[in-house]
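Last residue of the sequence shown: number 395 in my numbering, and the count goes up by one each step with no gaps. Beta carbons: idealized from backbone N, C-alpha and C, even for Gly. Values in this document were obtained by computation on a predicted structure and should not be read as measured data. A short write-up of the structure that comes next.
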Amino acid sequence: MYETPEALTRYLPERYHRSVQFVQVGKRTRIAILGKITEFIPNPTFERVAAPGAHEKFYSGQNKEGKSLRELTGEPIEALPAFRGPEPRIAVMDEQGVDEALVYPTLANLVEHSAAEDPELVVAMIHALNRWMLETWGYTYQNRLYMTPVISAALVDDARRELEYVIENGARAVLMKPAPVKGFKGWRSPALPEFDPFWSDVQQAGIPVVFHASQPPLDGYVSRWEPPETNNFMEMSAFRWLVLGHREISDMLASMICHGTLTRFPNLRIGSVENGSAWIKPLFDDFEATYAKMPQAFPEHPLEVFRRNIWVSPFWEGSVADVVETVGWDRVLFGSDYPHPEGLTEPRGYYKYAEGMDEKRTRDFMGDNARRFIGIPVRNPAGDVAPEAVPA
């Protein structure tokens, strides 16, 4: 979804109003958090946005002209009603042949990173965003749209309260940033035992958690190598693209396994979305090598834990086979990232990039695996048996 500015401010307590402001810089509107302007999202009002699929040449490796993301973006378009609310989104889904969708917020990408120095502000901003999302979209709409309210684990008691709030209001999945969190004790992994009360609540509720790519937690590290002129993601250098990659999701899942969260809570369902899949094989190799050196450090084999607890959505320009060959067919999720420019013009455009699959595996990948992940009825309950052909 593309939020309106009120998503962060309408329900923000008055004492934080000066901490989150939309300001004019020349002719452009920027967002300032804790007095610092962030350009990570270059147009935080989303009144005009890049057209869906505008960056397809870049991400598919067909940018022979060597254009920048900004050049590839072309003329922005007015944000369509389908980007802003549930009823018009359903109408577009009907046109596109999409039955159900998980819908993620966009402004959430910058909240925890930009406000990390004030954990209480992070909690307040996230709750404000979740209240706005509930009011504007609902968390579940016509059993076809499943919004993903946000949880920050930085302050455990607040995370537990926020989880209770979104579940009571109909959420079927929640969104978390794959990164360390900063609480009153400083930075730490949310997979450490001190966060167990929160993960216990998640497991007891049976609600899945999606780790969605966000403003990179490694940004400060990369900036030591190459001080940036801007943090606008569309103007990242080749070095920054190469080094950042998607290390954050690899490290986050490694922490969930090495720090034992997924063993202490074996029924957790964790999804990786908009993080790609190229990192899986290197991570699996590292797990194998580390387990061979120090098996006593793992209560279970790390790859068995990964395959039990984790689902992965590969990029449309990536490889479904990366996930299938490592994690398994029942753990691969289709995703289009519509209507973002790094997504596709329409979700069905994935077909020209996907590898060959039989009918059963296509049904799993294109919908039923995601339905199993969020706990809604599957469309093809035939198990591993391919559905019978319907007579003409």
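- Across the structure, Tyr353 and Asp340 are spaced so that their CA atoms are roughly 11 Å apart.
- Nearest C-alpha to Thr12 among Phe368, Lys67 and Leu132: Leu132.
- In the structure shown, Gln65 adopts coil according to DSSP, grouped into three states.
- Looking at the backbone, the Cα of Pro196 and that of Gly338 are separated by about 32 Å.
- Within the same chain, Val212, Asn312 and Ile313 come within 6 Å of Ile273 by CB-CB distance, once the 5 residues on both sides are set aside.
- Per DSSP, the unbroken beta strand (DSSP E) holding Tyr149 starts and ends at Leu148 to Met150.
- Asn372 places its beta carbon less than 8 Å from that of Asp333.
- Scanning its chain for C-beta atoms nearer than 8 Å, with the 5 sequence neighbours on each side dropped, one finds around Pro91 the residues Leu83, Pro84 and Ala85, in chain order.
- Counting along the chain, Ile36 sits inside the beta strand (DSSP E) bounded by residues Arg31 to Ile36.
- Minimum Cα-Cα distance from Met259 among the listed residues Leu286, Phe242, Met239 and Ala241 corresponds to Leu286.
- According to the DSSP secondary-structure assignment, Gly274 is paired through a beta bridge with Val213 and Trp314.
- Within a 10 Å sphere around the beta-carbon of Val276 sit 16 or more other beta-carbons, which makes this residue buried.
- Thr143 carries a strand assignment under DSSP once its states are collapsed to helix, strand and coil.
- For Pro342 and Lys180, the gap between their C-alpha atoms comes out near 20 Å.
- Here Gly186 carries a strand assignment [DSSP, helix/strand/coil].
- Bounds of any beta strand (DSSP E) do not take in Met259; it lies within the alpha helix (DSSP H) bounded by Arg250 to Cys261.
- Note on Glu42: 16 or more other CB atoms within 10 angstroms of its CB, so buried under the neighbour-count rule.
- At the C-beta level, Pro108 and Met4 come within 8 Å of one another.
- The beta-carbon distance between Tyr149 and Pro89, rounded to whole angstroms, is 11 Å. This is too long to meet the 8 Å contact definition.
- Of all C-beta pairs linking the segment 157-177 to the segment 133-142, three or more are shorter than 8 Å, placing the two stretches in contact.
- Residue pairing of Arg51 in beta bridges, as defined by DSSP: Glu81.
- Annotated as distal: Val159 and Ile210, with beta-carbon spacing of 8 Å or more.
- Exclusion of the five residues before and after Met255 leaves Pro181, Ala182 and Phe214 as the residues of its chain whose Cβ lies within less than 7 Å of its Cβ.
- Using a Cβ distance threshold of 8 Å, Ile44 and Asn146 do not count as a contacting pair.
- Under the three-state reduction of DSSP output, Lys39 falls in the strand class.
- Annotation for Val114: the continuous alpha helix (DSSP H) segment containing it runs Ala111 to Ser117.
- For Ala295, the enclosing alpha helix (DSSP H) stretches over residues Ile283 to Lys296.
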